[in-house]
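Sequence order for the protein chains is X and F.
Heads up, the final residue of the first sequence is numbered 343 in the numbering used here, and it's a clean run with no missing numbers.
Heads up, the final residue of the second sequence is numbered 498 in the numbering used here, and it's a clean run with no missing numbers.
Cβ coordinates follow ideal geometry from the N, Cα and C atoms, glycine included.
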Amino acid sequence: MSVVVPAAQSLPAPLTRMASPRRLLLRRMLRSRSFLIGGGIVVFVALVAIFAPGLAPFDPDRIGAGKRLAAPGAKFLLGTDEFGRDILSRVIFGARYTLYIGLVAVGIGLLCGVVIGATAAYAGGWFGGLLMRTIDLLYTFPDVLIALGLVAFLGPNLTNAMIAVGISAIPYYARVTYGVVLSERQKPYVDAAQVVGAGHLRVVVRHLMPNVLPPMIVVASLGFSAAVLSAAALSFLGLGAQPPTPEWGLMLSTGRNYITRDPWLVIGPGVAIFITVMAFNLFGDGVRDLLDPRQRQRTQ
Amino acid sequence: MPVATDLLDIQDLTVTFGGGSSRVTALHGVSFDLRKGETLALVGESGSGKSLTALSIMGLLPPEGHVAGGRVMLGSEDLLTQSRRDLVRTRGSRVSMVFQEPMTSLNPVLTVGRQLTEGLEFHRGATRAAAKARALDLLKLVGLTQPERRMRQYPHQLSGGMRQRVMIAMALACEPDLIIADEPTTALDVSIQAQIIDLMLDIKERLGTAILLITHDLGVVAEMADRIAVLYAGHVIEIAESLTLFDTPRHPYTEGLLAAVPRLDVLVAGTTARVRLAELPGSVPSPADRTNGCPFTPRCPIATARCAAEMPPMTPLDAAHSVACWERAP
């Protein structure tokens with residue numbers, strides 16, 4: 044028997060696996076409760092929207108699927124409305140409209156807001172000042188009011204409501220972008236890029252934007268819930284989706300006539316709006332925690 | 169006088185800030201020239217206008233700044249009157265710059281490779297593959313190990329010295345005739361400083377690039393510069409060849425500046441009693457309250473009545489040494 048331990052056996056196992064940035068991010072994601080819960084519900088709502096035809100027990104528009112104003116029960120889990128339509132099916136299909144409205148409205152607001160904010164901050168001077176003062180002027184009005192005015196002007200339907208909600212959010216995105224670009228633009232890497240010979244457009248698109256977008260992701264996910272609420276409000280007022288669209292705001296609006304006797308007409312869509320909005324807010328908070336751990340330590 | 173070998177010729181560069189009654193002049197007719205392959209050091213205290221001179225050459229003055237007069241001739245072109253389009257073309261390809269803060273002068277969200285190849289792609293129209301090959305060569309040139317790996321890394325994954333090497337590689341990418349180095353070693357450790365200085369000297373030898381070195385560190389100047397221009401409160405007050413200036417400074421400010429440098433040899437060879445560092449009394453006058461006279465008058469040991477009333481012109485003492493002082497070069 045040999046006393047010498049074979050070299051291969053004495054080699055220590057690799058101490059720690061190198062923590063790659065991706066793995067670190069994953070670990071932080073799993074630790075952030077608001078990100079997990081918010082993100083989970085967001086994914087759930089998205090899946091419901093995508094697979095709505097398979098999930099819904101009835102055709103959402105089928106009149107007389109059951110008795111009119113039937114209370115929740117085994118067949119109609121959330122009851123039926125004044126036309127005997129299954130409320131659960133309508134809520135499920137409503138998720139499609141809600142996510143669609145949110146995406147389009149945030150898309151419009153974010154795109155225009157980022158372009159305006161970045162232009163104003165980068166150009167500076169009287170031009171930037173004028174642009175931002177105009178935005179400030181719009182910012183003084185509540186955005187639902189602006190959306191209302193726009194829908195009144197464009198005509199009440201779902202598409203116009205989405206556009207109006209998007210436009211009314213532009214000042215918000217523009218202001219945030221303005222602030223971020225203003226602080227980024229003073230960093231030496233911007234001068235360094237110009238010194239190498241990058242023109243204005245290139246500096247903004249290639250060098251500034253990658254630094255500006257992470258905070259905008261947070262702002263957009265928080266803005267999403269605001270857009271959903273605004274669109275629901277417009278539909279509630281009869282300026283957005285039109286009957287018989289199974290849109291949550293519109294369902295609330297028609298259901299409110301029965302609110303004392305048959306409250307399930309508003310409970311279904313109301314709870315759906317509440318959960319979706321809360322999920323996007325949690326999700327936005329979670330993303331902010333992930334992207335800016337320092338901010339999180341300060342607030343804790 | 170512009171000679172055939174002149175690369176950069178700055179004449180009477182005057183830069184002001186603000187307008188109306190709050191207008192201040194930050195550079196008063198700064199003039200100097202730089203020959204091909206030469207290293208000229210601009211030295212002076214904080215606020216003397218060193219960096220402002222560099223930014224004027226690059227056309228990167230802050231929005232409040234305004235070039236009130238003078239010429240910045242690069243070859244036969246005046247950079248101050250160039251169209252914006254030509255200016256963008258000049259930057260990077262003919263004149264380039266290395267900044268003081270390697271920590272913040274690189275874009276934090278772009279890889280080193282991306283930042284290196286960018287200039288090549290738009291100045292030279294290089295394909296991505298060609299630009300990448302050139303970037304690898306550049307990283308080797310500036311002495312970075314594992315260049316392939318560095319290309320994929322982000323600035324925060326590199327040390328300060330490595331980032332400054334990347335900055336130098338970026339500045340060299342399109343083989344400019346002139347590199348402006350604005351305090352290239354100030355933010356680095358002393359041992360890294362030496363490496364960066366060696367690197368810049370080596371590159372200058374190999375590529376024949378002229379360097380305009382901006383610094384307040386006279387040690388760096390002694391290592392690198394062929395000639396030195398001393399700036400005080402927006403005036404060039406003395407220009408001479410490096411050795412001449414260190415041996416026989418003529419302007420009282422230059423004398424004071426050199427006397428204020430801590431010297432290791434004096435400490436070692438000196439007696440037990442510590443030698444007190446010479447200091448210049450007072451401070452640089454604010455650009456807002458300048459007189460017509462020499463700005464150094466309040467701090468000058470040999471000032472006369474004339475100094476307070478009239479700014480002395482740059483007067484040549486010999487072919488390579490000029491000074492602006494009534495007493496030393498009447």
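Put Thr59 (chain X) into one of helix, strand or coil per three-state DSSP. With a pLDDT of only 47 at Thr59 (chain X), under 50, the local geometry of the prediction cannot be trusted, and the value read off the model is given with reservation. In this structure, Thr59 (chain X) counts as coil in the three-state DSSP scheme.
Burial state of Lys308 (chain F), where buried means 16 or more other Cβ atoms lie within 10 Å: exposed
Residues near Leu375 (chain F) in its chain [Cβ-Cβ closer than 8 Å; skip 5 each side]: Leu340 and Glu343
Among F:Asp174, F:Thr258, F:Ile347 and F:Val358, nearest to Leu380 (chain F) - alpha-carbon criterion: F:Ile347
Beta carbon proximity, Gly167 (chain X) to chain F, threshold 8 Å: yes
Nearest chain F C-beta to Asp234 (chain X) closer than 8 Å, yes or no? yes
Can you check DSSP and say which residues form a bridge with Leu220 (chain F)? Partner(s): none; Leu220 (chain F) has no beta bridge.
Residues of the stretch 222 to 255 of chain X in Cβ contact with chain F at a cutoff of 8 Å, in chain order, please. Lys230, Pro231, Tyr232, Asp234, Ala235, Ala236, Gln237, Val238, Val239, Gly240, Ala241, Gly242, Arg245, Arg249, His250, Pro253 and Asn254
Quick check for students: name the residue ranges of the alpha helix (DSSP H) that lie wholly in the stretch 60 to 117 of chain X, counting only runs of 4 or more. 64 to 74, 76 to 93 and 95 to 98
What do you get for Asp345 (chain F), buried or exposed, if any count of 16 or more other CB atoms within 10 angstroms of its CB means buried? buried
Status (buried if at least 16 other CB within 10 Å, exposed otherwise) for Glu391 (chain F): buried
Taking the CB atoms as reference points, tell me whether Val389 (chain F) and Val211 (chain F) lie closer together than 8 Å. yes
Secondary structure of Pro484 (chain F), DSSP reduced to three states: strand
For the beta strand (DSSP E) that contains Met265 (chain F), what are its first and last residues? Val263 to Val266
Starting from Glu409 (chain F), follow the beta strand (DSSP E) in both directions and report where the run begins and ends. His403 to Glu409
Where does Gly233 (chain F) sit, in a helix, a strand or coil, going by DSSP? strand
The stretch 171 to 179 of chain X in contact with the stretch 197 to 204 of chain X per 3-pair CB rule at 8 Å: no
Buried or exposed for His243 (chain X), please, with buried defined as at least 16 other CB atoms from any protein chain shown within 10 angstroms of its CB. exposed
What is the C-beta distance between Val266 (chain F) and Met226 (chain F), in whole angstroms, given that I count them as a contact (C-beta under 8 Å)? 12 Å between Cβ atoms; not a contact.
For Phe200 (chain F), three-class secondary structure by DSSP: strand
Determine the DSSP secondary structure at Ser278 (chain X), reduced to helix, strand or coil. helix
Quick one: Cα of Ala138 (chain X) to Cα of Tyr215 (chain X), how far? 25 Å
Closest to Tyr232 (chain X) by CA distance: which of F:Thr383, F:Ile396, F:Leu284 and F:Met368 is it? F:Leu284
Please determine if the stretch 404 to 417 of chain F and the stretch 226 to 237 of chain F are in contact, where contact requires at least 3 C-beta pairs separated by less than 8 Å. no
Going by the beta-carbon positions, is the gap between Pro315 (chain F) and Leu326 (chain F) smaller than 8 Å? no
For the pair the stretch 105 to 125 of chain X and the stretch 141 to 160 of chain X, tell me if three or more CB-CB distances fall below 8 Å. no
Use the C-beta contact count for Glu227 (chain X): other C-beta atoms within 10 angstroms, 16 or more gives buried, fewer gives exposed. buried
Asp177 (chain F) - partner residues in DSSP beta bridges: F:Asp201 and F:Met241
Taking only beta carbons into account, state which residues of the stretch 412 to 430 of chain F come closer than 9 Å to chain X, listed in chain order. none
Do Ser273 (chain X) and Glu290 (chain X) have their C-beta atoms closer together than 8 Å? no
I want to see whether chain X comes within less than 8 Å of Glu343 (chain F), judged by CB atoms only; does it? no
Against Phe185 (chain F), what residues of chain A qualify as contacts under a CB-to-CB distance less than 9 Å, listed in chain order? Looking at the structure shown, chain A is missing, and the protein chains on hand are X and F.
How far does the alpha helix (DSSP H) with Ala235 (chain X) in it extend, from its first residue to its last? Pro231 to Val238
Would you check if the stretch 205 to 222 of chain X and the stretch 258 to 274 of chain X touch, i.e. whether three or more CB-CB distances between them fall below 8 Å? yes
Through-space distance from Glu351 (chain F) to Phe200 (chain F), alpha-carbon basis: 19 Å
Would His324 (chain F) count as contacting chain X if we go by Cβ distances under 8 Å? no
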